[in-house]
Each structure stands twice: as structure tokens, then as C-alpha cells.
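Contents: one structure, followed by commentary.
There are 2 protein chains.
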Amino acid sequence: MSPEKVLIAGAWRTANAAGTFQAENPATCEPLPPVFPVSTWADCDAALAAAASAAVVLRDTPPERLGDFLDDYARRIEARAEELVETAHAETALPKTPRLANVELPRTTNQLRQAASAAREGSWRLATIDAKANIRSCYAALGPVCVFGPNNFPFAFNSISGGDFAAAIAAGNPVVAKANTSHPATTRLFAEEAQNAAEATGLPPGTVQLLYRLRHDDGERLVADPRVGATAYTGSRAAGLALKAAADRAGKPIYLELSSINPVVVLPGALEERAEKIAEEFSGSCLMGTGQFCTNPGLVLLVAGPPTEAFIGDLAKRFAAAPVGTLLSSGVAGSLQENVAALREAGAQLVVGGSSGGGRGHSFANTLLRVSGRQFLQQPEALQTEAFGNTSLLVVAADAAELESVLERLEGNLTGCIYSHTAGNDDELYARLAPRLRARVGRLLNDKMPTGVAVSPAMNHGGPYPATGHPGFTAVGIPAALRRFAALVCFDNVRPARLPEALKDKNPNGKTWRLIDGAWTQGDVMAK
Amino acid sequence: MSPEKVLIAGAWRTANAAGTFQAENPATCEPLPPVFPVSTWADCDAALAAAASAAVVLRDTPPERLGDFLDDYARRIEARAEELVETAHAETALPKTPRLANVELPRTTNQLRQAASAAREGSWRLATIDAKANIRSCYAALGPVCVFGPNNFPFAFNSISGGDFAAAIAAGNPVVAKANTSHPATTRLFAEEAQNAAEATGLPPGTVQLLYRLRHDDGERLVADPRVGATAYTGSRAAGLALKAAADRAGKPIYLELSSINPVVVLPGALEERAEKIAEEFSGSCLMGTGQFCTNPGLVLLVAGPPTEAFIGDLAKRFAAAPVGTLLSSGVAGSLQENVAALREAGAQLVVGGSSGGGRGHSFANTLLRVSGRQFLQQPEALQTEAFGNTSLLVVAADAAELESVLERLEGNLTGCIYSHTAGNDDELYARLAPRLRARVGRLLNDKMPTGVAVSPAMNHGGPYPATGHPGFTAVGIPAALRRFAALVCFDNVRPARLPEALKDKNPNGKTWRLIDGAWTQGDVMAK
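Line by line, the protein sequences give chains A and B. Heads up: take any position in the first sequence, counting from 1, add 425, and you land on this note's numbering. Heads up: take any position in the second sequence, counting from 1, add 425, and you land on this note's numbering.
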């Protein structure tokens with residue numbers, strides 16, 4: 426069977442392939458029929474050339490047109506929803522409903538539409554005008570963006586339909602998408618509709634392109650190529666850091682979303698007040714989607730005592746009773762097994778679960794491990810190994826001081842959460858702990874599990890290294906996510922007619938917020 | 426003589442030194458008396474420990490206090506202006522007036538005061554509030570910032586008084602300053618007043634610290650240390666890239682301002698219209714401060730023809746007639762000689778100058794070189810060698826198409842400038858060239874030389890690699906420069922009393938601009 430075609434320069438063409446691969450149905454452990462190519466550098470080079478040409482055209486494309494593309498694409502995705510859900514379900518074993526059809530697909534089209542609005546509205550540019558000096562600056566498109574999507578969100582973080590894609594396009598950049606190899610057929614469906622929408626709205630060939638798989642050295646060459654503007658990567662730490670090293674050497678921005686274990690601190694007063702409710706919330710959050718979320722609560726910090734033992738007992742029962750889900754791939758299952766073993770080797774004791782199987786296809790028992798605070802402090806690095814999946818490590822500190830020390834040893838994470846007594850019984854301890862936790866996470870939560878990542882302008886889906894590559898950027902939340910794929914550009918004494926629309930005296934659409942002489946306004950630059 | 430003391434943890438203490446060095450008076454080529462230590466890692470470690478402690482205290486310090494510190498420091502600098510000017514003049518040979526006393530010192534205190542206002546006002550944080558979802562985010566202090574200052578601005582970019590220092594402090598971070606080794610005594614004076622101001626305004630010990638010189642491996646270890654929040658470096662490309670590699674490996678943000686040759690394009694109509702005026706502006710810009718500006722116009726692009734030859738003849742006369750300034754150091758003089766030789770080896774012909782000496786102390790003749798567009802295209806990399814100092818390379822393209830090709834081969838630069846006919850005779854060519862130049866620079870100018878870098882909120886003193894390390898940040902311009910030293914922090918469902926002041930319902934001071942539910946306002950979050 427000849428392999429599927431790649432999308433380069435507006436056309437589906439036979440890959441210049443170095444090999445082929447097939448995805449697997451994780452529920453049946455059987456390979457799926459379509460055969461996909463592993464591209465060589467020739468494909469990358471052709472895609473980059475087309476993207477560079479597209480970037481030049483997009484530089485002069487009105488934002489309205491980018492908005493039309495994103496809206497049209499969202500409609501096309503909805504029209505093909507059933508096929509997308511079936512295909513993604515076959516490739517990921519994620520439930521068709523509610524997850525794929527009712528949660529992730531609407532989230533995906535919502536993101537595309539929010540990005541369309543942001544592109545049209547233009548406030549994401551942070552246009553700043555010093556009228557007297559006639560110096561004007563704003564964020565503007567950076568150039569071709571390479572997107573490497575993760576395995577766990579076949580729609581909402583897909584490299585050719587997800588948050589990074591939407592943000593890169595809305596900022597005016599072409600995207601070279603590298604499919605996640607666990608769901609290539611899903612990605613192909615998206616790419617078809619993305620290309621159809623690009624044609625329908627008159628965007629240049631090379632605005633959206635798709636390669637399925639690259640050899641590692643070609644991936645590193647890709648992100649470092651002079652034609653690239655920036656790269657967005659979501660996935661494993663090892664692969665991400667290899668790409669980061671290559672991009673860094675070439676001085677190319679790369680935004681990484683790597684591992685995160687998302688510490689949840691449950692303070693004594695909260696346990697006393699509502700242990701059962703918290704146990705329910707935690708179990709739901711940790712086992713949802715078989716625990717395969719970037720913000721899965723993989724580390725729970727507790728203070729020793731009988732209520733904590735009772736809480737752990739309750740969690741163990743819930744984990745044992747909950748159905749065991751199917752994992753995304755044999756790779757995820759293998760890593761989970763390895764990483765649970767690594768945690769146990771570092772001294773973690775099994776509370777419940779711990780063995781492979783128990784669900785359909787690739788699966789692993791719902792697993793809880795525990796260590797003392799003292800043990801954690803002896804091996805903080807090994808005990809922060811991410812075991813991606815339906816598992817969590819409970820750290821039982823001897824007292825508040827030890828809990829504080831544990832917090833001080835945490836690596837950078839996307840989220841951190843503190844549950845405390847609603848009447849304020851934990852407030853003194855909260856005040857001691859919260860600044861320490863805050864400094865180590867991108868998003869601090871109160872009384873709420875971290876797995877919901879609202880697409881809100883105020884969201885930060887980011888955090889200190891090694892959760893991401895730079896603590897100043899978010900991968901979720903429009904318009905801030907767009908600025909990752911933008912350069913700050915400045916016009917000094919440039920003649921009025923030559924300024925970009927966003928920086929002319931007249932507000933481009935009456936809606937763009939601009940910082941004019943120190944005040945944010947949707948108005949025009951007033952005559953001096 | 427025992428070496429000068431370093432400033433660590435609020436006290437002037439004997440360095441743990443690996444050696445000593447002295448600065449030199451570049452006008453006399455004689456060493457200056459004070460002896461300064463080369464610190465070992467022990468000093469770095471002590472400074473980092475103190476900075477980390479200070480960062481914890483600063484986290485809870487009201488912005489008003491940071492503003493008071495910056496204002497008090499500015500006043501102290503003014504009170505000691507004469508001594509600063511004398512010392513800097515001895516160490517750099519820059520003219521006492523107008524340069525040091527009337528230009529750079531007022532710019533320095535102005536930057537500190539602008540930073541004070543920005544800290545108090547708070548709009549730099551880009552506070553974003555989703556009231557309904559109760560998700561709130563803003564930029565916040567990142568942690569200790571290491572500042573490596575350049576040789577060419579002993580005041581305005583000094584590591585303990587300049588733009589990076591002011592921005593890092595205003596964002597709430599302690600600074601570990603590494604003096605530029607060409608002006609350590611100047612830097613010591615600043616540090617004394619910075620420490621006095623910190624004490625007077627009650628900032629914690631370790632808020633401002635000074636080391637004079639480090640071994641290269643200790644510098645690399647410093648920027649990668651887990652206690653560091655970020656690093657700002659301005660200086661040579663080689664040293665900057667070594668620090669970047671170390672910081673990148675550790676996942677630490679580093680903002681670099683490296684080399685830039687700042688292309689100036691003079692279009693045929695502009696030459697026809699006002700060649701003499703442009704020659705005067707160019708000569709002034711290129712020879713001012715003996716050409717030792719980051720934004721010095723080191724590359725001039727022209728289209729061949731008799732007016733261009735006449736223009737070059739005029740420039741040659743001006744360069745020959747202008748006094749030859751003193752260079753900042755023997756190092757600068759040596760590099761200039763080497764880099765002019767490298768340009769000549771790559772085919773550049775001497776128009777005027779080209780030899781060492783001619784001025785007081787370390788000096789080099791005002792130098793113009795020229796190549797054809799064809800030559801440039803054959804060796805674009807070698808012919809973009811930065812010759813830092815009073816020199817520039819003229820590229821004479823055969824025609825507009827060749828000029829366009831030359832532009833396409835330019836590396837990233839801080840600035841790019843186009844002179845065109847005022848009545849529009851060059852507009853067609855401008856339209857072809859400007860987007861190409863814009864994509865390669867941080868700031869595009871019209872009809873104006875790049876050496877003035879106004880401290881305006883709309884300024885971008887940044888640009889694509891290798892001019893800087895990331896195209897999204899500016900080193901000059903408040904408040905944007907502050908965001909380099911900040912993390913995006915998010916509070917999800919956090920109880921009202923626990924929110925930072927910037928994110929509470931009530932506007933912290935009635936002045937902070939915040940993005941509340943999609944609209945920028947200085948008001949409060951309204952009850953739902």
C-alpha cells in the first residue's frame with residue numbers, strides 16, 4: 426500500500442519518505458490500516474520554502490481574512506465532526522462521548538473562533554504609540570511556526586487544529602504541522618479541512634502544511650532553520666529538550682510544554698472539614714481521561730495524622746473501585762510502568778494498583794503511591810518523576826515545617842493547588858506556603874483541581890522550567906498565546922501612509938485597544 | 426595594595442579573589458590606580474544566596490517602596506554627578522560635556538525615575554481579569570537578575586544604574602551586577618549610592634550587589650544557577666553566546682544585546698534631493714562617541730551612479746576632516762583593527778582611513794570602506810562583520826534588484842533605516858524594500874539616523890537574532906522592558922483576600938491599567 430500523502434505548498438503530494446509507520450488502536454492493540462510516511466529532509470525543506478513564501482503574502486493579508494479562515498475552518502470541522510470523532514476514538518481510545526464529541530471538539534472550534542476574533546480585533550498586538558516622538562510599536566507576525574502536537578488531545582492541541590495552530594495563524598504566521606504519530610489519520614482529516622478553508626478564503630499555498638513524522642535529526646534541523654520564526658512543542662521532556670537545544674543554538678524561539686506533576690496541597694483544616702468531597706474531586710481529576718492531562722494532579726502533599734490516613738484509605742478505595750481506562754498508546758503504557766517502577770525504586774510505597782492491565786487494551790491499574798516528607802527530601806528529583814497516566818504520589822509530611830521544605834524542593838510546574846478550610850482555619854499555614862508554591866508554578870489554584878484549563882484571556886498554561894521553556898508565556902488563553910509567535914516591531918519617524926494599519930493615527934477598526942501616550946484607548950491618535 | 430571590596434548582602438567585603446585587574450585610561454594608555462578583584466565562585470555563591478533572600482522579601486514589598494528607592498537613587502546620583510563624570514571620563518575617555526554630564530547622566534536618572542513611576546503605577550504587569558471565571562493573571566517578579574553591562578555607556582547601561590538595572594528593580598527583582606571591566610571605579614561609585622538608597626528606603630540587603638569581574642566559567646555557572654531568575658547581557662557576540670548557551674541549558678531566560686550593524690538605505694531620490702544633508706547626518710551619527718553605539722550605522726546601502734559616487738566623495742572628505750576620537754579601550758581598538766582587516770580581506774576597499782592612531786590614546790582613523798552589491802552577495806557573512814567604532818561599510822548595488830538581494834541576506838539587526846525622496850519619488854522602491862528590511866530589524870526608521878534611542882514606551886531596542894536573543898523583547902522603553910524580568914502568574918479561584926493587590930477587585934491605586942473582561946480600564950472589577 427502506498428503511504429498517505431503529505432500536505433506541502435497547498436497540494437497533497439507523495440512524501441519523500443525514509444520509511445513508514447502505522448498508528449495503533451490502543452483498545453485492541455492492533456495496527457490501524459493507513460500507512461503514513463516518515464518524511465526526509467527534502468519534505469521539510471519543501472515545506473519551509475512554501476511557508477517562507479506564504480509568510481511574505483500573509484504579511485500583507487488583512488487580519489479580517491485570517492479571521493475568515495479560522496471561522497470557516499471551525500465550521501468545516503463541525504461538518505465533519507462524526508468522522509473526526511470516530512477516527513480519533515480509533516487512534517486514541519478516548520471516549521467518543523462526552524470527551525471527544527461534546528468536550529474536546531467544541532473546545533477546538535471555540536479556540537479557533539476566539540482566535541478569529543482576536544485576529545480581527547487586533548488588541549493582541551499591544552500597539553503602543555508615542556505620538557509626540559512619532560515612535561510606534563506593536564507585535565507582528567514572526568514567520569513560519571513549526572507545531573509539534575501532543576498525544577493526549579487529538580483535537581484541542583492537534584498540531585493543525587489546536588491552540589498553538591490557532592494562535593500562530595491568528596498572529597499572521599504559516600504553520601508547518603508535525604502530526605503526533607499516535608493519531609495521524611485524525612490529523613490528516615483536520616489538514617484536509619484546513620487546506621480547504623485556506624483555499625476558500627484565499628490564503629496562500631503553504632499557509633497550512635502537514636508532515637506526519639520526521640527523523641529526530643531532521644526535527645532538530647527543522648526548528649533551527651533560518652526560515653523558521655518559532656516552534657511550539659508539547660510532549661515528552663526528553664524529545665522537547667533535544668529540540669530546545671537545537672533551536673537555542675540557532676537563536677530561534679521555541680515554546681515548550683513539557684512534563685508537570687501539578688502539586689496539590691491539602692491542608693489539615695480542609696481535610697477536617699470536607700475530606701470526602703476532596704477525595705471525590707481528586708479521584709475524578711486524577712482518573713479522568715485515564716489521567717492523561719498535562720495538568721493531572723500527580724503529587725499530593727499532606728500533613729501526617731489520622732485524618733490523612735483516613736483520607737488515603739478513602740482514596741485507595743475510590744481508585745480500586747473506579748474503572749481502569751485505556752491508555753493512549755503502548756508507549757504511554759510502557760512509560761507509566763517504567764516511571765511507577767522508578768518511583769518505587771526511589772522509596773515510594775504502593776497504596777493501590779501498581780500493575781499493568783485491568784482495562785481494555787493498553788492499560789495500567791489506577792495507582793496511588795506514598796512517601797514520607799523525609800523520604801521525599803532525600804530524593805526530591807527521583808520522586809518528581811512524572812508518571813503520565815492514572816497515577817499519583819502522596820507525600821505525607823511529618824508537620825507543617827516539613828511540608829514547607831517539600832514545597833521548596835519542587836521543580837517548575839504548570840499548576841499548584843491549595844485546599845484550605847473555608848472558614849479560615851488554615852489561613853496562617855496558607856500564608857506561609859502559598860508564596861513558595863506560587864513561585865514554582867504558572868497557575869495557583871484554591872480549592873479546585875487543576876485539570877480544567879479554561880480558554881480565558883486570564884489563563885496561564887505555562888510556568889517555570891522545566892514545565893515550559895520560558896516563564897513569561899502561556900499556551901492557552903487568547904490573546905496572550907498569540908504573542909509567542911510575534912516579534913516586537915517598531916516604527917520610528919515612519920511616514921503616516923507607510924505605517925501598518927494597527928499603528929496609523931486612525932484606529933483600524935474602532936475596536937483595537939492601543940496604548941497611546943500612556944492611556945489605553947479604542948480611539949484614534951488625536952491631532953497635537 | 427589590597428583590592429577594592431565587592432558589595433555582597435548589603436556590605437562591602439573583601440572579595441574571595443582569584444586575581445586582580447586595573448582599568449586603563451584610554452586617552453593616556455596608562456593603568457588607573459585602583460585595583461579590583463576577579464571574584465571566585467565563592468563570591469557568586471554568596472551574592473546569589475543574598476539575592477535569593479532579598480527576592481523573598483521583595484515579593485511582599487509594596488511597589489511604592491521600589492519607586493522610592495529608584496527616585497532616591499536618582500537624587501543621589503545627581504548629588505555625586507561631578508565625581509561620576511570625572512571617574513567615567515578617566516575610565517572611558519568619553520567627553521565630560523556634553524556626553525557624560527549633559528546627555529548620559531540625565532538619561533540615566535530619567536530612566537530610573539521612569540522606572541519608579543512604572544513600578545508605582547503598575548500597568549506594566551498587564552493585569553488581566555476574567556471576572557466571571559475568577560481567573561486573574563499578571564506579570565510578577567521573577568527572581569534575582571544578573572546584569573552584565575557593556576563598555577560603551579558607563580552610566581545609562583551600567584549594570585548597576587542603567588536600563589536593565591532599573592527595569593529589573595522596578596519589576597521587583599534583586600540585581601547581581603557584574604561591572605564592565607573597563608569602568609569598574611565608575612560602577613563602584615554607583616553601587617555605593619545604590620546601596621545607600623536601598624538602606625535609606627528599607628530594601629533588604631542583597632537587593633543590589635556588585636562583583637567586578639568573574640572567570641568565564643563562573644559567569645556561565647552564575648547565569649545557570651537555580652537561584653537566578655534571568656540574565657541581561659549587553660556586549661560582544663562571542664561572550665554573550667557563551668552565556669546564552671549556559672543559560673539555555675539550564676532553562677533560564679537570558680536577554681542579550683549583541684552585535685548590530687544597523688543598515689541605512691539611501692534611495693536614489695533622496696540622494697538627488699538632499700545628498701549633502703544626508704552626508705552630514707550620517708557622518709555625525711557614525712562618528713559621534715567615536716562610533717561606539719549599539720545602533721551605529723555600520724552599513725550603508727546605495728544604488729550605483731554618479732550621485733552615489735559624489736556622495737561617497739563627500740563622506741570621505743567629512744570622515745577625513747573630522748577629529749579622530751579616543752576609543753573606549755585597547756580591546757576596542759584592537760578589535761576595530763582586526764575587523765577592518767577582516768572586511769578588507771573579504772574584498773572591501775578602503776575609501777578613507779584604515780589605520781590605527783590619529784587621535785589621543787587608543788584611536789583609529791575615521792574609516793569608510795566600500796564593496797559592490799555583487800561582492801557583498803558573494804560573501805554576505807564576512808561582509809557583515811561588525812567593526813565597532815568610527816567606521817562604516819558602503820555597499821554599492823548595481824541596481825534596485827541587487828539592492829533587494831542584499832537586503833535579503835542581512836542578519837538580524839537592532840535598527841534599519843531608509844532615506845527616501847520627500848515628495849514620493851522613491852515610493853515604489855520603498856514599498857519593495859521596506860518589508861524586507863523590516864523583517865530583519867527591531868526598529869525601522871525613515872529619514873533619520875538610528876543612533877538616538879529615545880526612552881519612550883513605544884521604543885524597541887531589540888530585534889531578530891543575532892542582534893538579540895529573542896525578537897519579542899526590548900531593552901529600552903518603559904514599561905515594556907520590565908516584562909523581560911517577569912513571570913506570567915495566574916490565580917485561579919483564589920480567594921479575594923489572598924490575591925496580590927494588582928489583581929484584587931479594587932484597582933490598587935486608581936491608576937493601574939488592567940484588562941478586565943476584555944476592556945482596558947483604570948477602574949475596579951464591578952460586582953456581577
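The beta-carbon is built from N, C-alpha and C at its ideal position, and this holds for glycine as well. Computed from a predicted structure; not experimentally measured.
Just to confirm the assignment, what range does the alpha helix (DSSP H) spanning residue i have?
| i | result |
| --- | --- |
| residue 539 (chain B) | 530-546 |
| residue 648 (chain B) | 641-648 |
| residue 467 (chain B) | 466-484 |
| residue 680 (chain B) | It is not in any alpha helix (DSSP H) - residue 680 (chain B) instead sits in the beta strand (DSSP E) that spans 679-682. |
| residue 844 (chain B) | It is not in any alpha helix (DSSP H) - residue 844 (chain B) instead sits in the beta strand (DSSP E) that spans 838-844. |
| residue 512 (chain A) | 506-517 |
Secondary structure at residue i, three-state DSSP: helix, strand or coil?
| i | result |
| --- | --- |
| residue 490 (chain A) | helix |
| residue 711 (chain B) | helix |
| residue 671 (chain A) | helix |
| residue 1013 (chain A) | No information on residue 1013 (chain A) is available, as it lies outside the stretch 426 to 953 that chain A covers here. |
| residue 448 (chain B) | coil |
| residue 560 (chain A) | strand |
| residue 811 (chain A) | coil |
| residue 921 (chain A) | helix |
| residue 938 (chain A) | coil |
| residue 603 (chain B) | strand |
| residue 462 (chain A) | strand |
| residue 527 (chain A) | helix |
| residue 594 (chain B) | helix |
| residue 609 (chain A) | helix |
| residue 890 (chain B) | coil |
| residue 522 (chain B) | helix |
Measure the Cβ-Cβ separation of residue i and residue j and say whether it is below 9 Å.
| i | j | result |
| --- | --- | --- |
| residue 459 (chain B) | residue 440 (chain B) | no |
| residue 402 (chain B) | residue 595 (chain B) | Here chain B has residues from 426 to 953 only, and residue 402 (chain B) is not among them. |
| residue 782 (chain B) | residue 791 (chain B) | no |
| residue 451 (chain A) | residue 529 (chain A) | no |
| residue 616 (chain A) | residue 585 (chain A) | yes |
| residue 812 (chain B) | residue 780 (chain B) | no |
| residue 703 (chain B) | residue 696 (chain B) | yes |
| residue 905 (chain B) | residue 652 (chain B) | no |
| residue 931 (chain B) | residue 917 (chain B) | no |
| residue 686 (chain A) | residue 721 (chain A) | yes |
| residue 715 (chain B) | residue 753 (chain B) | yes |
| residue 815 (chain A) | residue 750 (chain A) | yes |
| residue 538 (chain A) | residue 552 (chain A) | no |
| residue 871 (chain B) | residue 920 (chain A) | yes |
| residue 675 (chain B) | residue 658 (chain A) | no |
| residue 1025 (chain B) | residue 527 (chain B) | The shown model of chain B, from 426 to 953, leaves out residue 1025 (chain B), and the question about it has no answer. |
| residue 492 (chain A) | residue 544 (chain A) | yes |
| residue 654 (chain B) | residue 540 (chain B) | no |
| residue 519 (chain A) | residue 509 (chain A) | no |
Between which two residues does the beta strand (DSSP E) harbouring residue i extend?
| i | result |
| --- | --- |
| residue 817 (chain A) | 816-822 |
| residue 554 (chain B) | 553-555 |
| residue 634 (chain B) | 633-636 |
| residue 871 (chain B) | 866-871 |
| residue 436 (chain B) | 436-438 |
Does the region 840-850 of chain B come within contact of the region 787-801 of chain B, defined as at least 3 CB pairs closer than 8 Å?
-> Verdict: no, contact absent.
Evaluate contact between the region 733-750 of chain A and the region 892-904 of chain A, counting only Cβ atoms and requiring at least three cross-stretch pairs below 8 Å.
-> Touching, no.
Touching by the beta-carbon criterion (3+ pairs, under 8 Å), the region 612-622 of chain A and the region 465-478 of chain A = Between the region 612-622 of chain A and the region 465-478 of chain A there are fewer than three inter-stretch CB-CB distances shorter than 8 Å, so the stretches are not counted as touching.
The region 688-697 of chain B contacting the region 725-738 of chain B, beta-carbon criterion three pairs below 8 Å | At 8 Å Cβ cutoff, the stretches touch.
Every unbroken beta strand (DSSP E) inside the region 717-802 of chain A [3 residues or more] | Taking only runs of at least 3 residues, the beta strand (DSSP E) segments lying wholly in the region 717-802 of chain A are 724-728, 774-777 and 792-797.
Are at least three pairs of beta-carbons, each pair with one atom in the region 884-896 of chain A and one in the region 659-671 of chain B, less than 8 Å apart?
-> The region 884-896 of chain A is not in contact with the region 659-671 of chain B.
Three or more C-beta pairs below 8 Å linking the region 570-586 of chain A and the region 505-519 of chain A = Between the region 570-586 of chain A and the region 505-519 of chain A there are three or more inter-stretch CB-CB distances shorter than 8 Å, so the stretches are counted as touching.
Are three or more beta carbon pairs between the region 850-866 of chain A and the region 827-837 of chain A nearer than 8 Å?
-> The region 850-866 of chain A is in contact with the region 827-837 of chain A.
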